[in-house]
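Engineer: Please see the structure below; I have some questions.
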Amino acid sequence: MLGHESPVISRASGCWLYTTDGRRLFDGAASMWCNVHGHQNPRLDAAISEQLGRVAHVTTLGMCCDVTLQLAEKLVQTCPSELEHIFFSSDGASAVEAAIKMAMQYWRQCDDPQPGKTRYLALGGAYHGDTTGGVSLGGIEYFHSIFSPLLFDPIRGPLPCSLRLPDGVRPESATEHYGGEIEGLLRQHHQSLAAVVMEPLVQGAAGIITHPVGFLAKVRELCDRFDVLLICDEVATGFGRTGEMFACDHESVTPDILCLGKGITGGYLPMAATVATRKVFEAFLGEIGERRQFFHGHTYGGNALAAAVALASLELFAETDLMAHVQSTAARMRERLAPLASIENVVEVRGRGMMVGIEMAVDGLASRVCQNAFRRGIWIRPLGEVVVLTPPLVATTDELDDVVDVLTEAIDEESQK
Numbered sequence: 000m001l002g003h004e005s006p007v008i009s010r011a012s013g014c015w016l017y018t019t020d021g022r023r024l025f026d027g028a029a030s031m032w033c034n035v036h037g038h039q040n041p042r043l044d045a046a047i048s049e050q051l052g053r054v055a056h057v058t059t060l061g062m063c064c065d066v067t068l069q070l071a072e073k074l075v076q077t078c079p080s081e082l083e084h085i086f087f088s089s090d091g092a093s094a095v096e097a098a099i100k101m102a103m104q105y106w107r108q109c110d111d112p113q114p115g116k117t118r119y120l121a122l123g124g125a126y127h128g129d130t131t132g133g134v135s136l137g138g139i140e141y142f143h144s145i146f147s148p149l150l151f152d153p154i155r156g157p158l159p160c161s162l163r164l165p166d167g168v169r170p171e172s173a174t175e176h177y178g179g180e181i182e183g184l185l186r187q188h189h190q191s192l193a194a195v196v197m198e199p200l201v202q203g204a205a206g207i208i209t210h211p212v213g214f215l216a217k218v219r220e221l222c223d224r225f226d227v228l229l230i231c232d233e234v235a236t237g238f239g240r241t242g243e244m245f246a247c248d249h250e251s252v253t254p255d256i257l258c259l260g261k262g263i264t265g266g267y268l269p270m271a272a273t274v275a276t277r278k279v280f281e282a283f284l285g286e287i288g289e290r291r292q293f294f295h296g297h298t299y300g301g302n303a304l305a306a307a308v309a310l311a312s313l314e315l316f317a318e319t320d321l322m323a324h325v326q327s328t329a330a331r332m333r334e335r336l337a338p339l340a341s342i343e344n345v346v347e348v349r350g351r352g353m354m355v356g357i358e359m360a361v362d363g364l365a366s367r368v369c370q371n372a373f374r375r376g377i378w379i380r381p382l383g384e385v386v387v388l389t390p391p392l393v394a395t396t397d398e399l400d401d402v403v404d405v406l407t408e409a410i411d412e413e414s415q416k
């Protein structure tokens with residue numbers, strides 16, 4: 000951390016951040032991929048204010064707040080079909096921790112108990128948060144080298160990239176190729192596997208790695224065939240980030256357990272949710288003395304203020320037709336970014352919806368590009384050698400055109416050094 004200085008933000012409005020030293024910055028990281036409707040959105044501000052006039056927080060351990068119940072009902076209507084039961088927590092990593100515990104407990108208590116199912120299959124390059132379970136599932140080598148004594152060992156699957164394919168694999172056969180690798184692992188390990196855990200369509204922290212079309216649906220089919228649960232981590236991809244409300248919607252897939260976070264409150268307050276199907280939920284039903292319940296809980300899970308703003312955010316999606324806006328602006332942004340691929344030190348430009356990764360060929364170049372963009376008024380962050388752009392979903396065409404212009408100039412300038 001030596002030599003690093005962070006800008007200090009004093010206020011924000013729309014897609015713009017204002018620093019204490021008078022700078023105006025476009026929030027090209029959506030405040031870590033979570034801002035949806037912009038900063039100081041009047042509807043979201045009002046929702047929190049109104050809820051403050053009633054109650055700020057009550058526990059969901061043994062009781063429930065009315066606004067939290069309303070949010071749960073709205074989420075069930077919004078999530079892929081059959082996901083009907085919600086466990087609230089405070090951040091995406093906690094949602095994943097809850098999911099992997101649910102999956103293991105499910106196999107001990109379901110109608111056909113299989114207590115030997117205690118392991119997980121995770122994709123190459125995976126990222127599922129910084130908690131112990133999330134780091135275990137993750138494929139970030141640096142984390143494993145430091146924390147290996149604390150971690151469990153998942154079965155590691157492929158990194159199913161749609162653009163940089165193995166030798167001999169063509170785009171039209173990519174899903175078959177990667178699906179075959181997953182099938183082989185499930186065939187070998189299904190008796191010990193509680194679940195496959197994956198980020199659907201786009202692996203964010205891996206560098207905005209996009210999966211081949213049909214891969215998610217193939218994994219769903221394989222999980223059904225080999226009697227393994229499917230956990231989809233949509234902490235990053237959920238709530239419109241890929242151009243549909245959930246990445247799973249692109250391929251009409253319903254996971255057994257869905258993990259949500261980041262954009263759930265529009266980027267206003269910490270909240271997350273682990274959403275399960277009725278099949279999973281019913282394995283936990285029983286009399287108190289049977290001790291079948293999910294022994295897991297968070298102090299601020301289902302917080303009333305967070306629930307109020309999350310509910311208002313979901314209402315705004317419908318009222319503003321935000322998905323149509325995202326699909327239109329994302330298509331134009333991708334069209335304007337495409338020429339960057341011809342710059343000598345750009346490996347490729349990839350992404351889905353409002354998730355874009357620009358991979359650089361020279362060590363340190365991505366960081367320098369982000370620093371250059373910052374000097375020009377755009378706040379973005381690199382992931383290794385990938386420049387990542389994840390703007391608020393309400394960003395206008397004019398704003399995004401300006402961002403692309405700045406990125407083009409920054410990449411061109413830094414590539415010549």
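All residue numbers for the sequence shown refer to numbering that gives the first Met the number 0, where the first residue is 0 and numbers rise by one. Just so you know, even glycine gets a beta-carbon here, dropped at the ideal spot from N, CA and C.
State the DSSP-derived secondary structure class of Val-252, mapped to helix, strand or coil.
Structural biologist: On the sequence shown, residue 252 is found 253 positions in, with the first residue counted as 1. Coil at Val-252, not helix or strand.
Engineer: For Val-196, which of helix, strand or coil comes out of DSSP?
Structural biologist: Locating residue 196 in the sequence shown gives position 197, counting from the first residue. It is a strand residue.
Engineer: From the DSSP output, which residues share a beta bridge with Val-348?
Structural biologist: Locating residue 348 in the sequence shown gives position 349, counting from the first residue. Ile-357, per the DSSP bridge assignment.
Engineer: Buried or exposed: where does Phe-146 fall if 16 or more other Cβ atoms within 10 Å of its Cβ makes it buried?
Structural biologist: Walking along the sequence shown from the start, residue 146 turns up at place 147. Flag for Phe-146 reads exposed.
Engineer: Should Thr-273 and Ile-256 be called a contact, given that it needs their Cβ atoms to be closer than 8 Å?
Structural biologist: Within the sequence shown, numbered from 1, the residue matching residue 273 stands at position 274. Within the sequence shown, numbered from 1, the residue matching residue 256 stands at position 257. Yes, Cβ-Cβ distance for Thr-273 and Ile-256 is below 8 Å.
Engineer: Looking only at its chain, what residues have a beta carbon closer than 8 Å to the beta carbon of Arg-22, apart from the 5 residues adjacent to it on each side?
Structural biologist: Within the sequence shown, numbered from 1, the residue matching residue 22 stands at position 23. Excluding sequence neighbours, Arg-22 sits near Pro-6, Gly-376.
Engineer: Taking the CB atoms as reference points, tell me whether Leu-164 and Pro-157 lie closer together than 8 Å.
Structural biologist: By one-based count along the sequence shown, residue 164 stands at place 165. By one-based count along the sequence shown, residue 157 stands at place 158. At a Cβ-Cβ threshold of 8 Å, Leu-164 and Pro-157 do not count as neighbours.
Engineer: With a threshold of 7 Å (Cβ to nearest heavy atom), would Leu-82 be considered close to the ligand NAP?
Structural biologist: You won't find the ligand NAP in this model; it holds no ligand whatsoever.
Engineer: Would the stretch 357 to 372 and the stretch 243 to 260 be scored as touching if the rule is three or more Cβ pairs under 8 Å?
Structural biologist: no
Engineer: Assuming the contact rule is C-beta atoms closer than 8 Å, Ile-410 and Val-345 should be a hit. Round their C-beta distance to whole Å, please.
Structural biologist: On the sequence shown, position 411 is the one that residue 410 refers to. On the sequence shown, position 346 is the one that residue 345 refers to. Between Val-345 and Ile-410 the Cβ distance is about 7 Å, and since that is below 8 Å, they are a contact.
Engineer: Thr-58 to Gly-301, Cα distance in whole Å?
Structural biologist: Working through the sequence shown from its first residue, we reach residue 58 at position 59. Working through the sequence shown from its first residue, we reach residue 301 at position 302. Rounded to whole angstroms, the separation of the alpha carbons of Gly-301 and Thr-58 is 8 Å.
Engineer: Of all the alpha helix (DSSP H) runs that stay within the bounds of the stretch 249 to 320, which reach a length of 4 or more residues?
Structural biologist: DSSP assignment within the stretch 249 to 320 yields the following whole alpha helix (DSSP H) runs of 4 residues or more, N-terminal first: 277 to 281, 303 to 319.
Engineer: What runs of the alpha helix (DSSP H), each 4 residues or longer, lie entirely inside the stretch 145 to 216?
Structural biologist: Scanning the stretch 145 to 216 for uninterrupted alpha helix (DSSP H) segments of 4 residues or longer gives 173 to 188, listed from N- to C-terminal end.
Engineer: Spatial neighbours of Leu-51 within its chain, please: CB distance less than 8 Å, with the 5 preceding and 5 following residues excluded, ordered by chain position.
Structural biologist: Counted from its first residue, the sequence shown places residue 51 at position 52. Excluding positions up to five away in sequence, the list reads Leu-304.
Engineer: Can you tell which of Leu-399, Lys-416, Val-348 has its C-alpha closest to the C-alpha of Ile-207?
Structural biologist: The count along the sequence shown starts at 1 and reaches residue 207 at position 208. Closest option to Ile-207, Cα to Cα, is Val-348.
Engineer: Do the CB positions of Gln-202 and Gly-124 come within less than 8 Å of each other?
Structural biologist: On the sequence shown, residue 202 is found 203 positions in, with the first residue counted as 1. On the sequence shown, residue 124 is found 125 positions in, with the first residue counted as 1. Yes, the pair counts as a contact, with Cβ atoms nearer than the cut-off.
Engineer: Does DSSP put Asp-226 in a helix, a strand or coil?
Structural biologist: Translated into the one-based positions of the sequence shown, residue 226 becomes position 227. The DSSP-derived three-state label of Asp-226 is coil.
Engineer: Counting only the same chain and skipping the five closest in sequence on each side, list residues whose C-beta sits under 7 Å from that of Trp-378.
Structural biologist: Here residue 378 refers to the residue found at position 379 when the sequence shown is read from its first residue. Result list for Trp-378: Leu-16, Leu-24, Phe-25, Asp-26, Gly-27, Ala-28, in chain order.
Engineer: Rounded to the nearest angstrom, how far is the Cβ of Val-355 from that of Leu-382, given a contact under 8 Å?
Structural biologist: Translated into positions along the sequence shown, residue 355 becomes position 356. Translated into positions along the sequence shown, residue 382 becomes position 383. About 12 Å separates the two Cβ atoms, so there is no contact after all.
Engineer: Distance, Cα to Cα, Phe-87 vs Glu-413?
Structural biologist: The count along the sequence shown starts at 1 and reaches residue 87 at position 88. The count along the sequence shown starts at 1 and reaches residue 413 at position 414. So the alpha carbons of these two residues sit roughly 44 Å apart.
Engineer: Does the separation of the CB atoms of Ala-94 and Leu-259 fall below 8 Å?
Structural biologist: In the sequence shown, the residue the question calls residue 94 occupies position 95. In the sequence shown, the residue the question calls residue 259 occupies position 260. Against a cut-off of 8 Å, the Cβ pair of Leu-259 and Ala-94 comes out as a contact.
Engineer: Measuring straight from C-alpha to C-alpha, what distance separates Thr-389 and Thr-241?
Structural biologist: As a first step, residue 389 must be located in the sequence shown, where it is residue number 390. As a first step, residue 241 must be located in the sequence shown, where it is residue number 242. So the two alpha carbons sit approximately 10 Å from each other.
Engineer: Is Tyr-119 helix, strand or coil by DSSP?
Structural biologist: By 1-based counting over the sequence shown, the position of residue 119 is 120. Here Tyr-119 sits in strand by DSSP.
Engineer: Find the nearest neighbour of Met-31 within the set Pro-269, Leu-399, Phe-294, judged by alpha-carbon distance.
Structural biologist: Counted from its first residue, the sequence shown places residue 31 at position 32. Of Pro-269, Leu-399, Phe-294, the residue nearest in Cα terms is Pro-269.
Engineer: Once the 5 residues before and after Thr-77 are set aside, which same chain residues still bring their CB inside 7 Å of it?
Structural biologist: As a position in the sequence shown, residue 77 is number 78, starting the count at 1. Result list for Thr-77: Met-244, Leu-313, in chain order.
Engineer: For Ser-9, name the three-state secondary structure that DSSP assigns.
Structural biologist: Stepping through the sequence shown from its first residue, residue 9 is reached at position 10. Strand, per DSSP.
Engineer: With a CB to CB cut of under 7 Å and the five nearest residues on each side skipped, what residues in its chain are close to Arg-351?
Structural biologist: Stepping through the sequence shown from its first residue, residue 351 is reached at position 352. Around Arg-351: Leu-200, Val-201, Thr-209, Thr-241, Gly-242.
Engineer: Which residue marks the beginning of the alpha helix (DSSP H) containing Val-393, and which one marks its end?
Structural biologist: Numbered from its first residue, the sequence shown carries residue 393 at position 394. That residue, Val-393, is in no alpha helix (DSSP H); it is neither H nor E in DSSP.
Engineer: Which residue or residues does DSSP assign as beta-bridge partners of Thr-18?
Structural biologist: Here residue 18 corresponds to residue number 19 of the sequence shown, with the count starting at 1. Beta-bridge pairing links Thr-18 to Ile-8.
Engineer: Counting along the chain, where does the beta strand (DSSP E) carrying Asp-26 start and finish?
Structural biologist: The residue labelled residue 26 in the question sits at position 27 within the sequence shown. Segment 23 to 26, the beta strand (DSSP E) holding Asp-26.
Engineer: Got a sec? Which residues, its chain only, sit under 7 Å from His-189 by beta carbon, not counting five neighbours each side?
Structural biologist: Position 190 of the sequence shown, counting from 1, holds the residue named residue 189. Cβ within range, chain order: Phe-225, Asp-226, Val-227.
Engineer: Can you tell which of Gly-61, Thr-67, Leu-74 has the C-alpha that lies nearest to the C-alpha of Arg-53?
Structural biologist: For the purposes of this step, residue 53 is taken as residue 54 along the sequence shown, with counting starting at 1. Nearest of Gly-61, Thr-67, Leu-74 to Arg-53, Cα basis: Thr-67.
Engineer: Roughly how many angstroms separate the alpha carbons of Asn-34 and Glu-398, rounded to a whole number?
Structural biologist: Position 35 of the sequence shown holds residue 34. Position 399 of the sequence shown holds residue 398. Looking at the two C-alpha atoms, the distance is approximately 15 Å.
Engineer: Could you give the C-beta distance for Pro-153 and Tyr-177, rounded to a whole number, given that I count them as a contact under 8 Å?
Structural biologist: Reading the sequence shown from its first residue, position 154 is the one you call residue 153. Reading the sequence shown from its first residue, position 178 is the one you call residue 177. Between Tyr-177 and Pro-153 the Cβ distance is about 17 Å, and since that is not below 8 Å, they are no contact.
Engineer: What whole-angstrom Cβ distance do Gly-91 and Lys-278 have, given they're in contact under 8 Å?
Structural biologist: Counted from its first residue, the sequence shown places residue 91 at position 92. Counted from its first residue, the sequence shown places residue 278 at position 279. Not really, about 24 Å apart at Cβ, beyond 8 Å.
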